[in-house]
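A.B. asks:
Number of protein chains: 2
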Amino acid sequence: MDKEITLAGSTDSQLVDDVLTSFFARSKSRAEAMHPDYRTMWEHLETCTVGGKRFRPRLVMTVYSLLGGTERVTAATVAASFELLHTSLIVHDDVVDRDFTRRGIPNVSGTYRNLAAAQGSSPSRAEHAGLSVGVIAGDLALSNAYRLLGEVDTDLATRQRLGDLLDEAIFASAAGELLDVLAPFDPTPQPVEEVLDMARLKTAVYSFEAPLQAGAVLAGGDDLLVNALGEFGRCIGIAYQVADDLIGVFGDESRTGKVGWSDLREGKRTALISYAADQPQWPRIAALLADPDLTATGAAEVRELLIESGARDQATRLAADLTERALQALVEPYVPQALRDGLAPISDVVSERVRA
Amino acid sequence: MDKEITLAGSTDSQLVDDVLTSFFARSKSRAEAMHPDYRTMWEHLETCTVGGKRFRPRLVMTVYSLLGGTERVTAATVAASFELLHTSLIVHDDVVDRDFTRRGIPNVSGTYRNLAAAQGSSPSRAEHAGLSVGVIAGDLALSNAYRLLGEVDTDLATRQRLGDLLDEAIFASAAGELLDVLAPFDPTPQPVEEVLDMARLKTAVYSFEAPLQAGAVLAGGDDLLVNALGEFGRCIGIAYQVADDLIGVFGDESRTGKVGWSDLREGKRTALISYAADQPQWPRIAALLADPDLTATGAAEVRELLIESGARDQATRLAADLTERALQALVEPYVPQALRDGLAPISDVVSERVRA
């Protein structure tokens, strides 16, 4: 997620890092006892988590601390569990998208694809070997998300509520991933409601709702508070995705790190595109998007048409409205003012992204 | 696993079926609320488990019952958890092996590959879509193995020991799968010890050791009993694999359901091949195995050479020795006679397979 969001303090972050470092140390040592190549795979899996911003753990820790929770090592274990879930989802998402790099360096699949290629495998065999290791590594991250949560030292009821949140996060993101895989078979643009449902399933639940709620559950928050955080997370998570998709099309390439029209060329389903589909500019936009060799000139024309059709403004307004709705969910007396203030930076980031 | 092994009684099997049926009913209903296509995927995932023999659940139930356990619904939940683990591993193993059928019908990946192809996707895109859904479906089975175990109504210490067993099963089978993926890059036959280590990691731990031990842990068995069952499971699980590999090469095609030389053509690493690699017949065998177009005549020659070299006899003896060692692990007073008698059918099956 975004590097600009500053939430939990550095001591909390350090605690999460410590839990993960200790988890990986144990795993590497167990793996070493089985086979040196297995240890190496664990090292690559650890590398996947080290490069990230650990956004979900920070949500857990922020909510927990602001609600007065003091068992910070316990909270850090729950937070680390959400980080492993995230690792598992990105490793498997890269398998599904046949992506072999992440943040500009080879991911798990890329590392093993390159290894196989260097040892003489054909490109297609090397690619499949890489993806296969991705499947295995993601499985290990996923099962250890449960495992870490199982180690949390708390009462049975709390443990079960945390288990429910992790389960809901996995259940929803699998649905989002499935619908994404099946989507290309139907070239009609989806209604905007469906696009937002997808964003909720694929991102908002596991990246926002569940970690926020886990922090509250662990701090002993009641159902009204937990529900309010769920609503906040849902709205802000979807808003974040809408804003992110706007940046993907209109953003500065040097900031996004993507070619400015890769989302367009891939036919990514976004609120922006759904809005455009109802406008007279759509036939021309659709023709350009259908071109697998879309050029910079073509992409510039699509951008102009998206602005002219009002789709950009509609999507921008949607992100702002969702952000506003998110903040409205954080009402007193259910949500203490300190927590509301503490979560404001998240909505600020979405607002800034939309303005950018 | 094998249909000839009769273990737990039909009432126990019914209980496990009931737990799984109820789990899938809940999941399908939750999925339906997200999207009808998600419910459909859950239906396909359920189909994967219905066709199987539910061998691992039967191990859990058999040990638990023979040790006098009476909380049979609890045991059935643990048993169902191991079935979901198995489902997850075979679904992901099929992704890794790019297999689109299992037991003669399309598996999850095959079902979605066919669907994509019917909707006009190119063969390579359809294949990738199928494999992608396989990744997602396997993730859901895996996470729900943990989830079901978390629902088990037992004391904390027992729950943690059960969690350790599930964790060890996943940790070991991931290692086995990884080493399998990396193996083709090194064409030298492995020493027989390495082949047996692989068989242990990939199959024996999750299919034999862990379910046997889980039944004992749940019944309150002490460490000596649990360790004895682990040793039994390890030896019998490896013996089973050695026997299975012999049948893969020398067995009756109508019984194995495989083309009689597919294991040979794929260069599968087996104890049989490792033994042959030390014999004067090896260069000729290796030349035949390296042929991607190995014919029935070539396969018949390989079989003759494997017999002539003594490799077949060595592998047969190994399976018998391991079976004997397995039974010796089940010694009184640690292991009650009733349990020893109850587990005998498993070793009988291995013995029969070797003789067949």
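Protein chains in written order, with the working numbering: chain A, 1 to 356; chain B, 1001 to 1356. A virtual CB, placed ideally from N, CA and C, is assigned to each residue, including glycine.
1. Buried or exposed: B:ALA1239, going by 16 or more other Cβ atoms within 10 Å of its Cβ?
2. Hey, how far is the Cα of B:GLU997 from the Cα of B:ASP1291?
3. Applying the 10 Å Cβ sphere with the 16-neighbour rule, what's the burial state of A:ILE374?
4. Excluding five sequence neighbours on each side, which residues of the same chain lie with their C-beta closer than 7 angstroms to the C-beta of A:LEU196?
5. Quick one: is A:TYR334 near chain B, going by C-beta distance under 9 angstroms?
6. Along the chain, where does the alpha helix (DSSP H) containing B:HIS1035 start, and where does it finish?
7. Count the other CB atoms, across all protein chains shown, that sit within 10 Å of the CB of B:GLN990; report buried if there are 16 or more and exposed otherwise.
8. Can you find the residues in the same chain that come closer than 7 angstroms, C-beta to C-beta, to B:ALA1129, ignoring five residues on each side of it along the sequence?
9. Which residue wins for smallest C-alpha separation from A:GLU194, given the options A:ALA216, A:VAL242, A:LEU224?
10. Which full runs of the alpha helix (DSSP H) of 4+ residues lie inside the stretch 186-231 of chain A, going along the chain?
11. Run through DSSP, which three-state label would B:ARG1102 get?
12. When we look at the beta-carbon of A:ARG312 and count the other beta-carbons within 10 Å, is it buried (16 or more) or exposed?
13. Note down the Cα distance separating A:ARG98 from A:GLU266, rounded to an integer number of angstroms.
14. Return the CA-CA distance between A:ARG54 and B:HIS1035, expressed in angstroms with no decimal places.
15. Please classify B:GLN1213 as buried or exposed, where buried requires at least 16 other C-beta atoms within 10 Å of its C-beta.
16. Using the Cα positions of A:ALA175 and B:PRO1189, report the straight-line distance between them to the nearest angstrom.
17. How close, in whole Å, do the beta carbons of A:LEU85 and A:ALA145 come, if the pair is a contact with beta carbons under 8 angstroms?
18. Helix, strand or coil: how does DSSP classify A:GLU266 here?
19. Under 9 angstroms, Cβ to Cβ, is there at least one residue of chain B near A:ALA290?
20. At a Cβ cut of 9 angstroms, what residues of the stretch 6-37 of chain A count as close to chain B, listed as they run along the chain?
21. Just verifying my parser: in three-state terms, what is the DSSP assignment at A:LYS3?
22. Which residues in the same chain as B:VAL1192 place their Cβ atom closer than 6 angstroms to its Cβ, once the five residues preceding and following it in sequence are excluded?
23. Could you check the C-alpha separation between B:LEU1201 and B:SER1173 for me, to the nearest Å?
24. Is the Cβ-Cβ distance between B:VAL1358 and B:GLY1230 less than 9 angstroms?
25. Relative to chain A, which residues along the stretch 1072-1101 of chain B have a C-beta separation below 8 angstroms, given in chain order?
26. Compare the C-beta of B:GLN1281 against all C-beta atoms of chain D and say whether one is closer than 9 angstroms.
27. Quick check: is the beta carbon of A:VAL358 nearer than 9 angstroms to any beta carbon in chain B?
28. What three-state label does DSSP hand A:ALA157 in the structure shown?
29. With a CB to CB cut of under 7 angstroms and the five nearest residues on each side skipped, what residues in its chain are close to A:MET1?
30. Starting from B:ARG1303 and walking both ways along the alpha helix (DSSP H), at which residues does that stretch end?
31. For B:ALA1175, go through chain A and note every residue whose CB falls closer than 8 angstroms to its CB, in chain order.
32. Roughly how far, in whole angstroms, is the beta-carbon of A:THR74 from the beta-carbon of A:ASP153, given that I think they are within contact range, below 8 angstroms?
C.D. replies: Considering the structure as presented:
1. Under this definition B:ALA1239 is a buried residue.
2. Beyond the ends of chain B as shown, which are 1001 and 1356, falls residue 997 of chain B; an answer cannot be given.
3. Here chain A comprises residues numbered 1 to 356, so residue 374 of chain A is not present and cannot be evaluated.
4. Here the set comprises ILE238, ALA271.
5. For A:TYR334, no CB of chain B lies under 9 angstroms from its own CB, so it is not counted at the interface with that chain.
6. It is not in any alpha helix (DSSP H) - B:HIS1035 carries neither H nor E in the DSSP assignment.
7. Residue 990 of chain B falls outside the range modelled here, since chain B spans only 1001 to 1356, and no answer is possible.
8. Around B:ALA1129: TYR1112, ARG1113, ALA1116, SER1121.
9. The residue with the shortest Cα to Cα distance from A:GLU194 is A:VAL242.
10. Whole alpha helix (DSSP H) segments, 4+ residues: 192-199, 210-218.
11. In this structure, B:ARG1102 counts as strand in the three-state DSSP scheme.
12. The residue is buried, with at least 16 neighbouring Cβ atoms inside 10 Å.
13. Roughly 13 angstroms between the two C-alpha positions.
14. The C-alpha of B:HIS1035 is placed about 30 angstroms away from the C-alpha of A:ARG54.
15. Label assigned to B:GLN1213: buried.
16. Approximately 43 angstroms between the Cα atoms of the pair.
17. That pair is a contact at about 4 angstroms.
18. Three-state result, A:GLU266: coil.
19. No, its Cβ sits nowhere closer than 9 angstroms to a Cβ of chain B.
20. Hits within the stretch, in order: SER27, ARG30, ALA31, MET34, HIS35, ASP37.
21. Bear in mind that a pLDDT of 40 at A:LYS3, under 50, signals an unreliable position, so the model cannot answer this.
22. Sequence-distant partners of B:VAL1192 (beyond 5 residues in either direction) whose C-beta falls short of 6 angstroms from its own C-beta, in its chain, are ALA1271, SER1274.
23. Rounded to whole angstroms, B:LEU1201 to B:SER1173 spans 5 angstroms at the Cα level.
24. Only positions 1001 to 1356 of chain B appear in the structure, and residue 1358 of chain B is not among them; the question remains open.
25. Against chain A - using a Cβ distance shorter than 8 angstroms - the residues of the stretch 1072-1101 of chain B are SER1088, HIS1092, VAL1095, VAL1096, ARG1098.
26. Within the model displayed, chain D is absent; protein chains A and B are what it includes.
27. Residue 358 of chain A cannot be examined here, being either before or after the span of chain A that is shown, 1 to 356.
28. Looking at A:ALA157 - three-state DSSP - the assignment turns out to be helix.
29. Low confidence applies to A:MET1: its pLDDT is 46, below 50, so where it sits in the model is not reliable, and the reading given next is rough at best. Excluding residues within five positions, the ones whose Cβ falls inside 7 angstroms are LYS53, PHE55, SER207.
30. Where B:ARG1303 is concerned, the enclosing alpha helix (DSSP H) stretches over 1296-1308.
31. Per Cβ cutoff of 8 angstroms: ALA31, MET34, HIS35, TYR38.
32. Contact flag correct, Cβ pair sits at about 6 angstroms.
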